[in-house]
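Peer 1:
4 protein chains.
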Amino acid sequence: MLIEEPKTKIDRIRQQLYIVIYGTNTKAGKLFDIFLLIFILLSVLAVMLESVKEIDDNYHSILLSAEWFFTILFSIEYILRIFSTKKPWKYIFSFYGIIDLLAILPMYLSFFITGSNLLTSVRALRLLRLFRVLKLANFVGEATNLKSALKASRPKIIVFLFTVLIIAMVVGTLMFLIEGPEAGFTSIPRGIYWTVVTLTTVGFGDIYPITPFGQFLAMFVMITGYGIIAVPTGIVSAEFAKQKSANKEDKSTKSKTVCPVCDESGHKPDAQFCFNCGEKIKI
Amino acid sequence: MLIEEPKTKIDRIRQQLYIVIYGTNTKAGKLFDIFLLIFILLSVLAVMLESVKEIDDNYHSILLSAEWFFTILFSIEYILRIFSTKKPWKYIFSFYGIIDLLAILPMYLSFFITGSNLLTSVRALRLLRLFRVLKLANFVGEATNLKSALKASRPKIIVFLFTVLIIAMVVGTLMFLIEGPEAGFTSIPRGIYWTVVTLTTVGFGDIYPITPFGQFLAMFVMITGYGIIAVPTGIVSAEFAKQKSANKEDKSTKSKTVCPVCDESGHKPDAQFCFNCGEKIKI
Amino acid sequence: MLIEEPKTKIDRIRQQLYIVIYGTNTKAGKLFDIFLLIFILLSVLAVMLESVKEIDDNYHSILLSAEWFFTILFSIEYILRIFSTKKPWKYIFSFYGIIDLLAILPMYLSFFITGSNLLTSVRALRLLRLFRVLKLANFVGEATNLKSALKASRPKIIVFLFTVLIIAMVVGTLMFLIEGPEAGFTSIPRGIYWTVVTLTTVGFGDIYPITPFGQFLAMFVMITGYGIIAVPTGIVSAEFAKQKSANKEDKSTKSKTVCPVCDESGHKPDAQFCFNCGEKIKI
Amino acid sequence: MLIEEPKTKIDRIRQQLYIVIYGTNTKAGKLFDIFLLIFILLSVLAVMLESVKEIDDNYHSILLSAEWFFTILFSIEYILRIFSTKKPWKYIFSFYGIIDLLAILPMYLSFFITGSNLLTSVRALRLLRLFRVLKLANFVGEATNLKSALKASRPKIIVFLFTVLIIAMVVGTLMFLIEGPEAGFTSIPRGIYWTVVTLTTVGFGDIYPITPFGQFLAMFVMITGYGIIAVPTGIVSAEFAKQKSANKEDKSTKSKTVCPVCDESGHKPDAQFCFNCGEKIKI
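Protein chains in written order, with my numbering: chain H, -17 to 265; chain C, -17 to 265; chain F, -17 to 265; chain Y, -17 to 265.
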């Protein structure tokens, strides 16, 4: 027989905090995440406005206050996150943990290094949390599909990218030798930069061939780029098509219960405890 | 037993007008829509020509007369549309109703605000009516397919766009910090603008990196952009492929009768009245 | 019983010529087409070289002689084509007939209009004949597949292009109103030109937005363009996938006999006469 | 009964060397390839750095020494490769053999032709060997899939590219005639260059139309390019989708044993000797 250990009061507070801060399945947890997202958006906006000289000249003190307000808020949130979880180190070194730290650090660093506060716009990465909030809507299935389709096609895409880089190196060298510094191809790395710009069909036009032979090679590169754009698209399309049929089979057997503590889904319909973290599923 | 209410003469005129103006299944209705489209095209052409300085200098009065002619015509049509329908408010606040109003308003506003008449080229949106006229041909099925394929892939595309925007914010900030104002990255919003221009492989070339590290980051962004262009394509491709097979099953059971009043299709083969608006299907 | 009509000598010559000039299944016919293609390529090359000022200055007389040589050759071929076919008017007004005429006309016109001889490079279109020669290889199946896949997706693509054009008109007007002549948006047609350049992700950079609001709208247009690039790709992909499975079923029942006179394929295995032109299949 | 021929000592050394240099299935062979790749990368890096003027001015002698070091190393490797294989001519004229020679030749040529040593960056092509090393991971299946998908769609893509080139020739001529030298269209080849730049949606912006009619034609070209980008993508997507289902059937019957001498896979589960080169499979 399984006997639940008696919990101290601090443990209960900790778990309540955990469910609000990390969870998205209770009403309080949802509200917390929504307000967090709004604050992140506002703080990113403040940093952006500060970078525009005309606006910063007029409203510098307001923007700076706003930035400090959000930084202190996010610092409190960061401490609470460490306090409430059972495995603080796991959080600190997780993807989100590092981003959360990076989002507050530049502001404190600005005491020592001028201008570093602009780095706070790394906070935009915190908006990725949105996907956690969307977990409740049918968006989460889509995000998972996207992620697993990209994961499945990863080896193909790595082979592809590697081929692209080798092409870029060879063509970049040839263009450097053919065109020379007058046309802007001042070094092989710049030649490679031009090749990537061209192969990806971006085509800034800051560097372009001027000799007939260089233009001929450029045409060859462009048509190649045009042709190979088909490869990643084909890979991902085939992956999506495969997933689609796989999804159909899955749908019926999936349970929709989600653990309020660790957000794990896929529990058996009659499960009482989360198979991942051991907490009770229904509170 | 269902007894049709006796109709007054004005009711009959109203319904006849409705069938001609809104419907596309009678000969008169078709003719009305075709003439309307020609008039819209001509009026858009007049506005365009007026915006070209050399042409406007020579033919200003002719173009202005033409614009007023079309505006008055469209105003009469707008009033008739409100008069003939049973639910005028539904029309006024519908997508097409608002466009129809926007198409005539700027001309009248030009009495108060100079230059506002050029906004009449919003009339181009009225050309979307073309899709209603094409309903008769096999184009409509295609338009519906396109629409429902896009609708089905909407959540995936929103997740995708959101990811793109977060990437743009982070990369835009980094480029602003790396390149600085000399290279044109005068603020974070401009950095974001550059990132979107690059990620979408448009590459105007109005702003471009000049430092080696900036160019390295740019290469990374471009290859990423090249890779993720595959994602929406893959999504929509898979959706189309799915629809194709679904269509095969549907085709046999669909009835091709279309209500002359509300353009609703999908009636049962033996239906006498439109299931949507209650009007008789065969007049 | 079918009795073949006795043929006069000129009729026999005519038919022999027809098989050589129009057909690609006899050895002579194949050789004729290959030489024709080489001559077309050389003549196109001559016109191109003539357009390069540095080359034309030095070799004008040689290039001009070459052009006249090819023009007279193609004129003779044109007359023989008309002479040898049974339905000369059908040829004259066919796609290839018009191109063949356009390929020789500009040269004769150059007596009256200077410079019109450069139009002879329209001859490049004659290279499309290559597909007829390739009929013998397995290329023809692919060309047919490409053509029928594009044909099947035509209505969808028309709906798509039409939507793109309406977007271009509306956005072009807005950009003209927002940016004005200082940024290069001197008229609505130029605004439309810019929108198409941006929406198709070409991005020349000859015109680009400079106001913050214009850049914001531009970002919106670019992401839209990025998204809708998926639509035609998805359409064509689905079409190809469909064809692929259809092909599998077809392959076994197709006969590979090709009529030497009219190039029609798909005859019954035991057919004696071409079902299309009535000529004997095996000579 | 099969009797293995007695081998001389030099034959044994040769075979051991062969397995280390050409093979990737023994530990020594794997290590050899990994070090080779690192050396190739370093040597390519040295050439790149040499091409950057600022770096070359300061570290010329170091970079030159590094280049000579790698060149002598690769020369020794080249000789050992010829020595260890049984069919030296087959290696010398193989794809990798030619690249290996090209990777050392320019350095020796630099005694006679100044600057030719920069051509050594062709060494980047040697990095393609990476795919052989990756053979052990599941990358190789992907690389094979990519290759066979591209091979299968080759005829379709050739037909497609050919059509693109004919379009480029005709449009290039028209643009040259419409725009003329003022807009940068100084010759027909430059017009063709512009058309390819535009059709592939690269859009450098070094040449662009300035007349209204030229811009109209440009819009047409861009939308066409946008449309036909779908064709190669569709082809490759369909090919990948086909392969995916074919793969499923294959997987179960494939044996994973790889010959240590010739890297051939696909042996029967109970095979003792490689069916390709006759060497013992298990050493």
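Think of the CB as a built atom: it goes at the ideal place given N, C-alpha and C, for glycine as much as any other residue.
Where residue 207 (chain F) and residue 141 (chain F) are concerned, what is the direct C-alpha to C-alpha distance, given to the nearest angstrom?
Peer 2: Approximately 16 angstroms between the Cα atoms of the pair.
Peer 1: Straight-line CA distance for residue 170 (chain C) to residue 201 (chain C)?
Peer 2: One C-alpha to the other measures close to 19 angstroms.
Peer 1: Please check if any C-beta of chain Y sits within less than 7 angstroms of the C-beta of residue 207 (chain C).
Peer 2: No - not a single Cβ of chain Y is within 7 angstroms of the one on residue 207 (chain C).
Peer 1: Decide yes or no for the touch test of the stretch 57 to 64 of chain C against the stretch 76 to 94 of chain C: beta carbon pairs closer than 8 angstroms, at least 3 of them.
Peer 2: With the cut-off at 8 angstroms, the stretch 57 to 64 of chain C and the stretch 76 to 94 of chain C touch.
Peer 1: Could you give the distance in angstroms between the alpha-carbon of residue 118 (chain H) and the alpha-carbon of residue -2 (chain H)?
Peer 2: Confidence at residue 118 (chain H) is low in this model, with a pLDDT of 42, below 50, so its placement is unreliable and no value can be given for it.
Peer 1: Kindly indicate the opening and closing residues of the alpha helix (DSSP H) around residue 161 (chain Y).
Peer 2: Residues 136 to 161.
Peer 1: How would you list, in chain order, the residues of chain B whose beta-carbon sits under 7 angstroms from the beta-carbon of residue 190 (chain Y)?
Peer 2: The structure shown has no chain B; the protein chains it does contain are H, C, F and Y.
Peer 1: Taking the straight line between their C-alpha atoms, what separation do you get for residue 167 (chain Y) and residue 158 (chain Y)?
Peer 2: Rounded to the nearest angstrom, the two C-alpha atoms are 5 angstroms apart.
Peer 1: Rounded to the nearest angstrom, what separates residue 96 (chain C) and residue 22 (chain C) at their Cα positions?
Peer 2: Going by the C-alpha atoms only, they are around 22 angstroms apart.
Peer 1: Leaving out five residues on either side along the sequence, give the residues of the same chain with a beta carbon under 7 angstroms from the beta carbon of residue 10 (chain C).
Peer 2: These residues qualify, in order along the chain: 2.
Peer 1: Measuring straight from C-alpha to C-alpha, what distance separates residue 4 (chain C) and residue 63 (chain C)?
Peer 2: Computed Cα separation, rounded: 8 angstroms.
Peer 1: Just tell me which of H:180, H:72, H:196 has its CA closest to the CA of residue 205 (chain C).
Peer 2: If we check each option's Cα against that of residue 205 (chain C), H:180 comes out closest.
Peer 1: Could you check where the alpha helix (DSSP H) with residue 202 (chain C) kicks off and where it finishes?
Peer 2: First-last of the alpha helix (DSSP H) with residue 202 (chain C): 194 to 210.
Peer 1: List the residues of chain H that residue 146 (chain Y) touches, going by C-beta distances under 9 angstroms, in chain order.
Peer 2: The contacting residues are 205, 208.
Peer 1: Reducing DSSP to helix, strand and coil, say where residue 119 (chain F) ends up.
Peer 2: The predicted position of residue 119 (chain F) is uncertain, since its pLDDT is 47 and thus under 50; no value can be drawn from it.
Peer 1: When the Cα atoms are used, what is the spatial distance from residue 8 (chain C) to residue 77 (chain C)?
Peer 2: The straight-line gap from Cα to Cα measures roughly 24 angstroms.
Peer 1: Is residue 179 (chain H) helix, strand or coil when you go by DSSP?
Peer 2: Helix.
Peer 1: What is the DSSP secondary structure of residue 232 (chain F), counted as helix, strand or coil?
Peer 2: Only weak support exists for where residue 232 (chain F) lies, its pLDDT of 48 falling under 50; the coordinates are left without a value.
Peer 1: On the three-state DSSP scale, how would you describe residue 69 (chain H)?
Peer 2: The answer is coil: DSSP assigns residue 69 (chain H) none of H, G, I, E or B.
Peer 1: For residue 178 (chain C), which residues in the same chain have their Cβ closer than 6 angstroms to its Cβ, ignoring the five residues on either side in sequence?
Peer 2: The residues are 150.
Peer 1: At a CB-CB cut-off below 7 angstroms, which residues of chain F make contact with residue 201 (chain Y)?
Peer 2: Neighbours of residue 201 (chain Y) on chain F, chain order: 175, 178.
Peer 1: Please confirm if residue 170 (chain Y) has its CB atom under 7 angstroms from at least one CB of chain F.
Peer 2: True, the Cβ-Cβ gap to chain F drops below 7 angstroms.
Peer 1: Check whether the Cβ atoms of residue 135 (chain H) and residue 213 (chain H) lie closer than 7 angstroms to each other.
Peer 2: No. Outside cutoff.
Peer 1: In this structure, does DSSP put residue 53 (chain C) in helix, strand or coil?
Peer 2: Of the three classes helix, strand and coil, the one that applies to residue 53 (chain C) here is helix, per DSSP.
Peer 1: Residue 215 (chain C) versus chain Y: which residues are under 8 angstroms apart at the beta carbon?
Peer 2: 215, listed in chain order.
Peer 1: To the nearest angstrom, how far is the alpha carbon of residue 25 (chain Y) from that of residue 90 (chain Y)?
Peer 2: Roughly 15 angstroms separates the two Cα atoms.
Peer 1: Can you find the residues in the same chain that come closer than 8 angstroms, C-beta to C-beta, to residue 31 (chain C), ignoring five residues on each side of it along the sequence?
Peer 2: Correct list, in chain order: 37, 38, 41, 45.
Peer 1: Using the C-alpha atoms, what's the distance from residue 0 (chain C) back to residue 70 (chain C)?
Peer 2: Between residue 70 (chain C) and residue 0 (chain C), the C-alpha separation is close to 12 angstroms.
Peer 1: Under 8 angstroms, CB to CB, which of the residues in the stretch 68 to 94 of chain Y have a partner in chain H?
Peer 2: For the stretch 68 to 94 of chain Y, which is checked against every Cβ of chain H, not one residue is closer than 8 angstroms.
Peer 1: Just curious, the alpha helix (DSSP H) that residue 33 (chain Y) is in, first and last residue?
Peer 2: Residue 33 (chain Y) -> alpha helix (DSSP H) spans 9 to 33.
Peer 1: Give the secondary structure of residue 190 (chain H) by DSSP, where H, G and I count as helix, E and B as strand, and everything else as coil.
Peer 2: In the structure shown, residue 190 (chain H) sits in coil (DSSP, three-state: anything other than H, G, I, E or B).
Peer 1: In or out: residue 164 (chain H) buried (at least 16 other Cβ within 10 Å) or exposed?
Peer 2: Result: exposed.
Peer 1: Roughly how many angstroms separate the alpha carbons of residue 224 (chain Y) and residue -4 (chain Y), rounded to a whole number?
Peer 2: Their backbone Cα atoms lie some 43 angstroms apart in a straight line.
Peer 1: In the structure shown, what three-state DSSP assignment does residue 85 (chain C) receive?
Peer 2: Helix, per DSSP.
Peer 1: Nearest CA to the CA of residue 190 (chain Y): which residue from Y:220, Y:67, Y:221, Y:154?
Peer 2: Comparing Cα-Cα distances from residue 190 (chain Y) to each of Y:220, Y:67, Y:221, Y:154, the minimum goes to Y:154.
Peer 1: Report yes or no: is there a C-beta of chain H within less than 7 angstroms of the C-beta of residue 237 (chain C)?
Peer 2: Residue confidence is low: residue 237 (chain C) scores 45 on pLDDT, short of 50, so the model does not pin down where it sits. No coordinate-derived value is stated.
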